[in-house]
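A.B. asks:
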Amino acid sequence: AQSVTQLGSHVSVSEGALVLLRCNYSSSVPPYLFWYVQYPNQGLQLLLKYTSAATLVKGINGFEAEFKKSETSFHLTKPSAHMSDAAEYFCAVSDLLTGGGNKLTFGTGTQLKVEL
Amino acid sequence: KAGVTQTPRYLIKTRGQQVTLSCSPISGHRSVSWYQQTPGQGLQFLFEYFSETQRNKGNFPGRFSGRQFSNSRSEMNVSTLELGDSALYLCASRLTGEAFFGQGTRLTVV
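Those sequence lines, one after another, are chains A and B. Heads up: the first sequence runs through residues 1 to 116, numbered per the working numbering. Heads up: the second sequence runs through residues 1 to 110, numbered per the working numbering.
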């Protein structure tokens, strides 16, 4: 089974500073990887996805992530944090199942705090 | 295009009762999956439905069940509720690629 590990359950940055949220995956085959964001009492919103087309993936709200096979990583970055970026971020890997469908396996999440 | 709609948004139930949650996927999406989110266990896969058939199931007891209708709308049912079933239940619909999530149903069991 595939898995993802998110390092750092809480990350705090100053407004305008670089955001770096870490995700490492474990997969025996080329994975499909995703980053989702969750605001309080809301569902999950897709930020970006990696599907092997390009290693640098650009998403919404200025976020991007780079797929590094040699490091089995898919870290999420944003050059300049904004107060509205404060939320919980989840890295996920898509698992193809024998029944023909798939499921997402999520990391434990990283709570991002943005300070003035 | 309307997103994934889950109803109700909030529910309070008593131990031992049963509950039904509803999910309407994005138009044209035939795959609907359900996830449970709790502070202790995080996000866990419950099951996936495709064309009215349960295609995959996560590691949950038989008290958790679901179904999908011909219009792709899905319901999940939890019988004999336990305190530990208190969670945010998320539904996701998918066409061929990424999954799109609804706002979730917050279930509180008292």
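Here a beta-carbon is modelled for each residue, glycine too, at the ideal position from N, C-alpha and C.
1. Leaving out the 5 sequence neighbours to the left and right, which residues in its chain are closer than 7 Å to A:Ala118 when beta-carbon positions are compared?
2. Using 8 Å as the threshold, is the C-beta distance between A:Gly109 and A:Phe90 below it?
3. What is the DSSP secondary structure of A:Glu71, reduced to helix, strand or coil?
4. DSSP on A:Ser84, reduced to helix/strand/coil?
5. Report the option in B:Gly97, B:Gln103, B:Phe45 whose CA atom is closest to the CA atom of A:Gly43.
6. Taking DSSP as the reference, what is the three-state secondary structure of A:Leu7?
7. Can you pull the chain A residues whose beta carbon is under 7 Å from the beta carbon of B:Gly102, in chain order?
8. If you run the structure through DSSP and keep just helix, strand and coil, what is B:Gly66?
9. Near B:Ser65, which residues of its chain fall below 6 Å by C-beta distance, leaving aside the five closest residues on each side in sequence?
10. Counting only Cβ pairs nearer than 9 Å, list the residues of chain A close to B:Ser31.
11. Are there three or more Cβ pairs, one per stretch, closer than 8 Å when the region 3 to 20 of chain A is compared with the region 38 to 57 of chain A?
12. If we cut at 8 Å on Cβ distances, does A:Phe34 have a partner in chain B?
C.D. replies: A quick look at the data gives this:
1. Outside the displayed range of chain A (1 to 116) lies residue 118 of chain A, so it cannot be described from this structure.
2. The residue you call residue 109 of chain A lines up with position 109 of the first sequence. The residue you call residue 90 of chain A lines up with position 90 of the first sequence. A Cβ-Cβ contact shorter than 8 Å links A:Gly109 with A:Phe90.
3. Indexing the first sequence from 1 puts residue 71 of chain A at position 71. A:Glu71: helix per DSSP, three-state reduction.
4. To locate residue 84 of chain A, count along the first sequence from 1; it is residue 84. A:Ser84: helix per DSSP, three-state reduction.
5. Start at 1 with the first residue of the first sequence, and residue 43 of chain A comes out as number 43. Looking at the Cα atoms, B:Gln103 is the closest of the given residues.
6. Numbered from its first residue, the first sequence carries residue 7 of chain A at position 7. Note: A:Leu7 maps to strand in three-state DSSP.
7. Taking the first residue of the second sequence as 1, we reach residue 102 of chain B at position 102. The contacting residues are Gly43.
8. For the purposes of this step, residue 66 of chain B is identified with residue 66 of the second sequence, where counting begins at 1. Note: B:Gly66 maps to strand in three-state DSSP.
9. Along the second sequence, read from residue 1 onward, the residue named residue 65 of chain B stands at position 65. Here the set comprises Asn77.
10. Taking the second sequence and counting its residues from 1, the one referred to as residue 31 of chain B is at position 31. Those within 9 Å of B:Ser31 in chain A are Gly101, Asn102.
11. The answer is no - the region 38 to 57 of chain A does not touch the region 3 to 20 of chain A, with fewer than three Cβ pairs under 8 Å.
12. Walking along the first sequence from the start, residue 34 of chain A turns up at place 34. It does; some Cβ of chain B falls within 8 Å.
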